[in-house]
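Residue numbers (this note's numbering), protein chains in the order written: chain W, 9 to 261; chain B, 9 to 261.
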DNA sequence: AAAAAACCTGTCAAATCTGACAGGGACCGA
DNA sequence: TCGGTCCCTGTCAGATTTGACAGGTTTTTT
């Protein structure tokens with residue numbers, strides 16, 4: 009058997025194995041936060057944030073088509089970043105999307121002429137997030153993708169840190185997929201809360217009349233929302249719409 | 009950070025990390041076989057087999073409610089084992105189900121008076137599978153569970169071997185879930201091939217008339233199979249049946 | 001303040017689904 | 001050989017969905 013040339017120390021590898029195993033059982037947002045805190049013991053950082061969704065759609069529609077899971081990032085930071093569309097000027101994000109590999113904030117800054125004056129770097133410095141990493145899982149158009157940022161005053165910039173992220177982040181992404189089942193698709197198809205609501209009841213086999221009694225609205229109103237959901241999902245009828253909604257996690261059994 | 013007291017050597021931990029990462033992308037049976045062969049480099053064995061399905065249902069209905077994925081086990085062995093219902097007399101399987109921990113064949117044999125004369129052990133010896141391990145993931149009634157057997161002339165019986173399985177098997181189980189999406193549920197609900205077939209077309213939004221044209225059967229025949237599928241799935245109508253079928257992986261989008 | 005989006009409701013006809021009656025043949029396992 | 005299972009088909013009535021016309025109010029965003 010070929011020997012490994014991995015930069016991961018033994019204790020890191022064992023911690024990551026346990027994290028990978030425990031990520032399988034993760035199904036709620038608090039559990040997901042717990043995984044991020046577990047990761048912090050292997051690779052210290054002050055805060056993390058994950059942008060998730062359909063990367064292709066995010067390119068078209070920007071932040072409106074993306075979700076965020078915030079684990080300790082300063083809310084003002086996130087607000088300014090999103091409102092100004094800074095993902096379009098983020099050198100670290102760009103270099104990650106281009107290379108597919110973990111990107112260190114400082115390393116990227118030094119790589120680009122004028123990197124120090126970049127608006128995102130200035131925002132980083134304003135909030136004391138002088139260093140950190142970006143890494144994620146980027147899938148095809150229409151699939152769930154993620155980009156994580158782990159930031160702080162300083163971080164380990166070595167190949168070991170990159171290796172930690174390369175092993176941890178795919179499992180964190182799988183866990184996040186389970187936690188967020190459906191939210192990406194609701195965003196993608198632009199379904200309104202009423203449309204999702206009626207789909208849930210249709211999925212349970214209720215007739216439009218039964219749903220109207222349950223929701224206290226007219227049968228006509230229910231049919232109106234069902235028809236809108238069918239159209240937005242590109243379905244042929246309500247059965248087809250339910251199939252799509254269940255498959256995409258918009259509604260659960 | 010607390011130091012680990014894991015029996016896993018560094019190189020094993022790294023190999024398992026890569027196995028765990030690659031298991032995420034596994035979605036076909038050949039890829040799954042590839043993962044098993046990868047595992048063999050960490051923990052040598054001659055052959056493996058996985059019994060999967062709903063453990064509760066398997067207790068009720070035996071082998072009829074269980075699937076098998078065979079990676080090198082002698083077919084005659086598997087045939088004799090299944091036909092004689094040897095899972096009910098398998099001390100290794102029993103000890104695994106009781107403890108939830110990896111069980112070594114020889115260790116179990118020595119633990120039980122008369123273990124050497126056990127029919128499964130005799131079958132093992134007849135086929136040269138003198139040693140090996142059993143380990144799996146057992147979930148609640150109605151959920152996908154697995155039990156893997158890794159066997160050969162001899163295997164590593166140390167705590168290291170058990171630790172390898174404890175880290176590898178959960179990821180193999182998740183991979184197998186993806187590979188086998190739905191087969192467990194078809195078994196569980198007792199759906200016939202025609203019932204699954206019409207569900208696929210209904211799921212795509214086709215009317216019974218359209219499906220009858222596609223399949224070259226009468227519309228009455230299609231409705232008959234749809235109604236049977238609805239009843240077997242315990243659904244209120246075809247829309248509800250499709251929701252269940254998609255959720256359980258019986259049909260895919 | 002204005003525009004857009006979301007939500008709500010009525011009526012009617014045609015299409016489709018559901019339930020219930022009727023009947024049959026082929027194949028497999030005990 | 002017999003019983004069970006799977007698959008196939010016809011007819012009919014009532015229930016539900018679908019599509020298309022008509023109209024409205026409230027909330028949110030710019």
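Ideal Cβ placement from N, Cα and C applies to all residues, glycine included. These numbers were taken from a predicted model, which means no experiment stands behind them.
Write down the C-beta distance between residue i and residue j rounded to the nearest angstrom, noting that I regard them as a contact closer than 8 angstroms.
i, j, result
"residue 76/B", "residue 58/B", "7 angstroms"
"residue 126/W", "residue 99/W", "6 angstroms"
"residue 245/B", "residue 198/W", "That belief does not hold up - the Cβ atoms of residue 245/B and residue 198/W are roughly 27 angstroms apart, past 8 angstroms."
"residue 257/W", "residue 193/W", "6 angstroms"
"residue 263/W", "residue 86/B", "Residue 263/W lies beyond the range of chain W shown here (9 to 261); nothing can be said about it."
"residue 27/W", "residue 46/W", "5 angstroms"
"residue 187/B", "residue 34/B", "7 angstroms"
"residue 180/W", "residue 156/W", "7 angstroms"
"residue 22/W", "residue 175/W", "Actually they are not in contact, since the Cβ atoms of residue 22/W and residue 175/W sit about 12 angstroms apart, beyond 8 angstroms."
"residue 211/B", "residue 259/B", "5 angstroms"
"residue 142/B", "residue 101/B", "6 angstroms"
Between the options, which has its C-alpha nearest residue i's C-alpha?
i, options, result
"residue 136/W", "214/W, 215/W, 160/W and 204/W", "160/W"
"residue 109/W", "82/W, 242/W and 169/W", "169/W"
"residue 15/W", "15/B, 232/B, 19/B and 13/B", "19/B"
"residue 140/B", "95/B, 235/B, 111/B and 205/B", "111/B"
"residue 17/W", "35/W, 42/W, 39/W and 51/W", "51/W"
"residue 239/W", "38/W, 217/W and 207/W", "207/W"
"residue 82/B", "166/B, 132/B, 167/B and 118/B", "132/B"
"residue 222/W", "231/W, 233/W and 209/W", "209/W"
"residue 217/W", "211/W, 124/W and 231/W", "231/W"
"residue 233/B", "201/B, 185/B, 36/B and 177/B", "201/B"
"residue 53/B", "149/B, 158/B and 88/B", "158/B"
"residue 41/W", "113/W, 184/W, 92/W and 219/W", "184/W"
"residue 189/W", "215/W, 177/W, 13/W and 60/W", "60/W"
"residue 150/W", "255/W, 101/W and 38/W", "255/W"
"residue 138/W", "226/W, 95/W and 117/W", "117/W"
"residue 243/W", "228/B, 220/B and 215/B", "215/B"
"residue 163/W", "113/W, 154/W, 227/W and 39/W", "113/W"
"residue 103/W", "224/W, 205/W and 119/W", "119/W"
"residue 152/B", "37/B, 39/B, 220/B and 74/B", "74/B"
"residue 134/B", "36/B, 88/B, 93/B and 13/B", "88/B"
Measure the Cβ-Cβ separation of residue i and residue j and say whether it is below 8 angstroms.
i, j, result
"residue 182/W", "residue 237/W", "no"
"residue 63/B", "residue 97/B", "no"
"residue 2/B", "residue 115/B", "Summary: the structure shown does not reach residue 2/B, with chain B confined to residues 9 through 261, and so no result is reported for it."
"residue 44/B", "residue 79/B", "yes"
"residue 261/W", "residue 253/W", "no"
"residue 178/W", "residue 130/B", "no"
- Members of the region 26–55 of chain W that neighbour chain B once the beta carbon cut-off is set at 7 angstroms: 28, 29, 32 and 49
- Task: Within the region 201–242 of chain B, note down every full alpha helix (DSSP H) run reaching 4 residues or more, in order along the chain.
- Result: Taking only runs of at least 4 residues, the alpha helix (DSSP H) segments lying wholly in the region 201–242 of chain B are 201–211, 216–223 and 227–240.
- In chain order, what residues of the region 179–201 of chain B put their CB closer than 8 angstroms to some CB of chain W? 179 and 182
- Query: What are the residues of the region 213–237 of chain B that lie near chain W, defined by any Cβ-Cβ distance shorter than 7 angstroms?
  - Reply: 213
- Query: Along the chain, which unbroken stretches of the alpha helix (DSSP H) at least 4 residues long are found entirely within the region 84–124 of chain W?
  - Reply: Listed in chain order, the complete alpha helix (DSSP H) runs (minimum 4 residues) inside the region 84–124 of chain W are 99–107 and 113–119.
- Task: Taking only beta carbons into account, state which residues of the region 152–178 of chain W come closer than 7 angstroms to chain B, listed in chain order.
- Result: 175 and 178
- Message: For a minimum of 4 consecutive residues, which ranges assigned as the alpha helix (DSSP H) are wholly contained in the region 23–69 of chain B?
- Response: Within the region 23–69 of chain B, the complete alpha helix (DSSP H) runs of at least 4 residues are 37–50 and 63–69.
- Given a limit of 9 angstroms on CB to CB distance, which residues of the region 239–254 of chain W reach chain B? 243, 244, 245, 246, 247, 248, 249, 250, 251, 252, 253 and 254
- Task: For the region 13–26 of chain W, enumerate the residues whose C-beta is nearer than 7 angstroms to any C-beta of chain B, in chain order.
- Result: 14, 16, 18, 19, 21, 22, 24 and 25
- For the region 129–142 of chain B, which residues have a CB atom closer than 9 angstroms to at least one CB atom of chain W, in sequence order? Answer set for the region 129–142 of chain B: empty.
- Anything in the region 70–96 of chain B with a Cβ closer than 9 angstroms to a Cβ of chain W? List those residues in chain order, please. none
- Message: Threshold first: 3 residues or longer. Then list the beta strand (DSSP E) segments lying entirely within the region 116–199 of chain W, N to C.
- Response: Within the region 116–199 of chain W, the complete beta strand (DSSP E) runs of at least 3 residues are 139–145 and 152–160.
- Item | Chain-ordered residues of the region 100–117 of chain W with a beta carbon less than 9 angstroms from chain B | none
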